[in-house]
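Working notes, structure below.
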Amino acid sequence: MRRTLIAGNWKMNGSLAANAALLAEIRTGLSGQSCDVLVCAPALYLSQCADLLAGSDIAWGGQDVSMHASGAYTGEISATMLLDLGCRFVIVGHSERRAYHHESNELVAQKAKQALSSGLAPIVCVGETLEQRELGQTNQVVAAQLQAVLDLLDDVAVSGLVIAYEPVWAIGTGKTATPQMAQDVHAFLRKQLDNRGVEIAEKVRILYGGSMKPENAKELLAMVDIDGGLIGGAALKSSDFLAIINAA
Ligand code: PGA
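For the sequence shown, numbering that gives the first Met the number 0 gives the first residue as 0, with consecutive numbering after it.
Listed below in C-alpha cells is the structure:
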C-alpha cells in the first residue's frame, strides 16, 4: 500500500515571521493524520524548518537541487546541503523551472539522479500545457518527461522516486483537472513505471498538483492512482493545508 503524501510547495513566498506562524499552526493543527506531510520551503528557510519542525510529523524539503555534487556553480544548492539541513525530499522539474529556467527533460533527470544518489527522494514534476492538452499530446508529453528520468536510473533508484503530475494549465489558475482526467494520466504514468517491474509501479507514489484545495482534495485523493498532492497556494494557509491533510 502506498502511503498518501501531502506536500506543500511554498514557491518564492514567506518570511521568517510568516513561516514561524504558518509552521506553528500546522504543527499544532495536526492530529492523527493518516498521511505523510511535507513542506518544501525556499532553501534559505530550511534551517528554520529544521529548528521548528524537529520532532514533529512534518518533513521538510527543497524546491530544486543542482545536478552537480559540488564545486564552482555559483548560486546553486547541492543535494548534500539539503541533506545537511535535514531534508528528505526535493522537488525537481517543476513546470515553473522548466518554463522560466529552461530546464530540459535531460537536466531534470540529472537532478533526480543526483538527489537519489545522495539519499534524497526527488519529487519529479511532469505535466502538459493547455495547448499540448488541446492538441491531444498529454500522454506523449508526460511520457517523454518521465522516460528521460527512467533512462538514467537503475531499478533501485526508480523505486525511490516520487512523481507529481501537474497539468501546467491547472497550476495557480483555480482550474483543476477533474478527478477522472487526473486519474487517466496517473494510470498512464503507472503503466510506464510497470515496464520497469510491477513492484516498482506499485511502490512509487504519484501525486497530483494544480489548484488542489479543501473543496476538491477528497475527490482527487479518492482516485486509485492518486497517492497525494503537491499543493501551492493552499499550502500557504494553515487551515486549507490542514483541511487537505484531513481529507487524505
Ligand atoms: P497550486 O500550485 O496549488 O497553487 O496550483 C501547485 C504547484 O505548482 O505545485
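For each residue, glycine too, the CB sits at the ideal point set by N, CA and C. These numbers come from a predicted model, not from an experiment.
Residue i classed as buried or exposed, judged by whether at least 16 other C-beta atoms fall within 10 angstroms
i	result
residue 101	exposed
residue 234	buried
residue 3	buried
residue 130	exposed
residue 210	buried
residue 61	buried
residue 43	exposed
residue 94	buried
residue 144	buried
residue 220	buried
residue 132	buried
residue 66	buried
residue 105	exposed
Beta-carbon separation (whole angstroms), residue i vs residue j, contact threshold 8 Å
i	j	result
residue 192	residue 200	4 Å
residue 120	residue 88	5 Å
residue 195	residue 154	6 Å
residue 18	residue 47	6 Å
residue 228	residue 90	The Cβ separation is near 13 Å, so there is no contact.
residue 123	residue 160	6 Å
Beta-bridge partners of residue i, as assigned by DSSP
i	result
residue 220	Answer by DSSP bridge pairing: none, since residue 220 is not bridged.
residue 35	4
residue 163	124, 206
residue 230	7
- If you scan the stretch 45-103 from start to end, which runs of the alpha helix (DSSP H) of 4 or more residues do you find wholly inside it? Listed in chain order, the complete alpha helix (DSSP H) runs (minimum 4 residues) inside the stretch 45-103 are 45-52, 78-83, 94-99.
- Task: Just list the alpha helix (DSSP H) runs in the stretch 105-145, keeping only unbroken ones of 4 residues or longer that don't cross its boundaries, in chain order.
- Result: 129-133
- Starting from the N-terminal side, write out each stretch of the alpha helix (DSSP H) that is 4 residues or longer and does not extend beyond the stretch 178-228. Whole alpha helix (DSSP H) segments, 4+ residues: 178-193, 197-202, 213-220.
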